Each structure stands twice: as C-alpha cells, then as structure tokens.
Amino acid sequence: MIDELLKAGIIRPSESEYSSPVILVAKSDGTDRLCIDYRALNAITVKEPFPVPSVEEQVAQLAGNSFFTTLDFISGYYQIPIAESSKKYTAFATHIGQYEFNVAPFGLTNAPFKFQREIRKITSRMKRRVVSYVDEIIIPSKNIKEGLEALDEFLGILAEIGMTLNIKKCTFLATEVSSLGHRITKEGLLPGEVKTDAIQKFPTPSNRTEVRRFLGLTSFFRRFVQGYAQIALPLTRLLKTKDAEPFTLTFLEQEAFDTLRRALYHPPILEIYDVKRQHEVHTDASSNGIA
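Numbering (full-length UniProt numbering) for the sequence shown: 1 to 291.
Next comes the structure, spelled out in structure tokens:
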C-alpha cells in the first residue's frame, strides 16, 4: 500500500517533526484504505471559511429536469495538491518509515472545503447548471441532447485541468439516481435506500445514545413524515431527562419509534421544490411543536 502511494506521487518520505497515527479502514470491495487519525492536528487547525451548501439547496436546483448524470472522482481529495509548506503537518509513521502527503489526505478538517472550492471553480465556468455537494456532482438536464452537451463541456474542463473520474461509479443520463442522500427521479424525491435500510434495521433503543442516533437518522428525512415533530415528541423528551435517571421505554416511546419506522418504509414521493413557481404556505403549531 505504501509502495503504491509512493509510486503514484501521493506521498513522499518525510523527516517532519510532526506525526499522526495510522489506521486501516476496510472498504466495501474487501480492500483496506490507509487513513490517518488527524484529530490532534484538526483541533489546532484554522478552519476554512469557504461555505459548503446545504443538501436542500442543492436538491432544489434539480427541479424541472428529467435526466441526471452523476460523476465520481478517482480518490477526489488526492487530486488536490497542498502547499509545500503544509506537507510536513500531514506526516505519519509506519513500521517501514515516515511519510507525508503531496496531496490532500482524507481526514483533514479543511479537505472537504478545499475540494468544494476546486469543484466550484469548475462549475463556475459551465454555461449549464451543475449541482455539487463536496464530492458529489450531478448534471441535470431536461432532455438527452442537453445532458450530452453539458457533460461534454464538463469533461472538457476536467481534461484541461487534469482531473479524472471513476467511470465505474458514474451514471449517465438516468431517469433515477441515488445522490445527496436521496433517490432522485424525474417524478420527485425519495429517501435514499442506504439510510432507510439503516432505519428499518435499527433495534429498539436501550439507552439515550441510541435514541439520539435514531432521531438523527430519521430527522434527515423529516420532510417525508407529516407531523414529524409531534410523532417524535416522546423520544425527544427522553433526551431531556438526566443521564443519571433510569432509562425506560414506555408504550408512548415505543409507538413513536414504530410509527417513524413505518412512515419511512413507504414514504411519499415529494416533488422537488421549484423556487420559480408560485407557493402557498400552510403551518400549524401547538405547545408541543410546529409544522
């Protein structure tokens, strides 16, 4: 693994006075990914001010389209060089020596912002709309001709700056794609299968930490559950009790848990919000929540 990274120019031998611990993380294909624990470095790093757009903002840009192309970069962060003066801070040690990165490694707190900035430079040159969220790229189009023209323009810019795509993970001119945590179709929006599967497999919570994790998963898709705040109220109240108090799941909490799982097992298809259309807003509020 180290030899491959050296030959690719991703890392180089180092004599840095800095060093972060190494961990191996299993990938879905059975191979391992070299990861560096940069928590100590991140704690003293000045955070990049570049804003990352919200998922909701990016999804809204897909309204009115029928075809979607999703693009995936080959080890995207590794295509972003870092300043010579910063390389020493990325150093790590193994049993065969110390090394440092020539490019942005995974795990640095500012890596997502730096990557987003580079992608924004590409999309700002495009005549047609391209949606980007960190390393997820979507080219929406109303028809195949428009989609091919936008793709040709995007690929031309990539060839010019020397960035490459992972063709196996790209999807071209599909009527349904999975991206931004959702299933995106020409009819509208559905929750992503990976997260909804995790929700369906989630066991009945046995402590407050598990309740917090479950609410974190489901709240991401709260727009698909009418009256989410009211339904989840018994569970959110559990989080307000003190940790020293015994954890008890009564009928009310169990019912809330089961109702949220059922609601996201067969969610409605939501039309993608189109800012150009006229809107009528309805709201309802009580002492327990607002919707």
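Where a beta carbon is used, it is the ideal one built from N, C-alpha and C, also for glycine.
Treat the numbers as computed from the prediction; the structure is a model and nothing was measured.
Have a look at residue i and residue j and give me their C-alpha separation to the nearest angstrom.
| i | j | result |
| --- | --- | --- |
| K142 | I269 | 19 Å |
| P81 | G9 | 11 Å |
| E176 | T241 | 43 Å |
| A159 | Y273 | 34 Å |
| A104 | E48 | 14 Å |
| P21 | L235 | 38 Å |
| P267 | E193 | 11 Å |
| I119 | P246 | 49 Å |
| F106 | P112 | 9 Å |
| E253 | T283 | 25 Å |
| T185 | V52 | 24 Å |
| T164 | Y228 | 42 Å |
| I2 | E280 | 58 Å |
| R129 | K121 | 13 Å |
| S124 | N65 | 20 Å |
| R117 | T248 | 47 Å |
| K168 | E271 | 29 Å |
Just curious, the beta strand (DSSP E) that residue i is in, first and last residue?
| i | result |
| --- | --- |
| P112 | Here P112 belongs to no beta strand (DSSP E); instead the alpha helix (DSSP H) covers 111-123. |
| P234 | Where P234 is concerned, there is no enclosing beta strand (DSSP E), although the alpha helix (DSSP H) it sits in stretches over 228-239. |
| L12 | A quick correction: the sequence has Arg, not Leu, at residue 12. Taken as a continuous stretch (DSSP letters only), the beta strand (DSSP E) holding R12 covers 11-13. |
| E176 | 176-179 |
| S132 | 131-133 |
| R183 | 182-185 |
| P268 | Run containing P268: none; DSSP gives neither H nor E here. |
| F67 | 67-71 |
| A93 | 92-94 |
Which residue wins for smallest C-alpha separation from residue i, given the options the options?
| i | options | result |
| --- | --- | --- |
| F67 | T31, F172, E15, I157 | F172 |
| S16 | Q116, D258, A91, F202 | A91 |
| V134 | G97, G156, V55, R277 | V55 |
| H182 | E48, T283, L264 | L264 |
| K145 | T69, R12, I184 | T69 |
| Y18 | F224, D32, T185, K88 | K88 |
| R277 | A63, V52, S85, D258 | A63 |
| L41 | N110, L5, H282, G76 | N110 |
| residue 295 | H95, I11, K114, V59 | Residue 295 lies beyond the range of the chain shown here (1 to 291); nothing can be said about it. |
| R208 | F224, L189, L238 | L238 |
| I161 | Q79, L217, I231, H95 | Q79 |
| H95 | K127, E153, I23, D243 | I23 |
| Q230 | Y38, A256, V131 | A256 |
Run the CB neighbour count on residue i, radius 10 Å, all protein chains shown included, and call it buried at 16 or more, exposed below.
| i | result |
| --- | --- |
| L43 | Checking the sequence shown, residue 43 turns out to be Ala, not Leu. Looking at its Cβ environment, which holds fewer than 16 other Cβ atoms inside 10 Å, A43 is exposed. |
| E100 | buried |
| I138 | buried |
| A198 | exposed |
| A83 | exposed |
| F221 | buried |
| T196 | buried |
| S108 | In the sequence under discussion, the amino acid at residue 108 is Leu, which differs from the Ser named in the question. Classification of L108: buried, given that the 10 Å Cβ count is 16 or more. |
| T204 | exposed |
| Q200 | exposed |
| F73 | buried |
| A150 | buried |
| P191 | buried |
| F251 | exposed |
| Q226 | exposed |
If we cut at 9 Å on Cβ distances, does residue i have a partner in chain B?
| i | result |
| --- | --- |
| K168 | Note that chain B does not occur in the displayed structure, where there is just one protein chain. |
Taking residue i as part of the alpha helix (DSSP H), name the residues at either end of that continuous run.
| i | result |
| --- | --- |
| R213 | 208-219 |
| D29 | No alpha helix (DSSP H) holds D29; DSSP gives it neither H nor E. |
| I138 | No alpha helix (DSSP H) holds I138; the beta strand (DSSP E) holding it covers 136-141. |
| G147 | 144-161 |
| V259 | For clarity, residue 259 is Thr in the given sequence; the question names Val instead. Taken as a continuous stretch (DSSP letters only), the alpha helix (DSSP H) holding T259 covers 251-263. |
| L5 | 2-7 |
| L41 | 39-43 |
| V59 | 55-60 |
So if DSSP puts residue i in a beta bridge, which residue, or which two residues, is it bridged to?
| i | result |
| --- | --- |
| T204 | Paired residues: none, contrary to the question. |
| E100 | R12 |
| T171 | T70 |
| L189 | I184, L270 |
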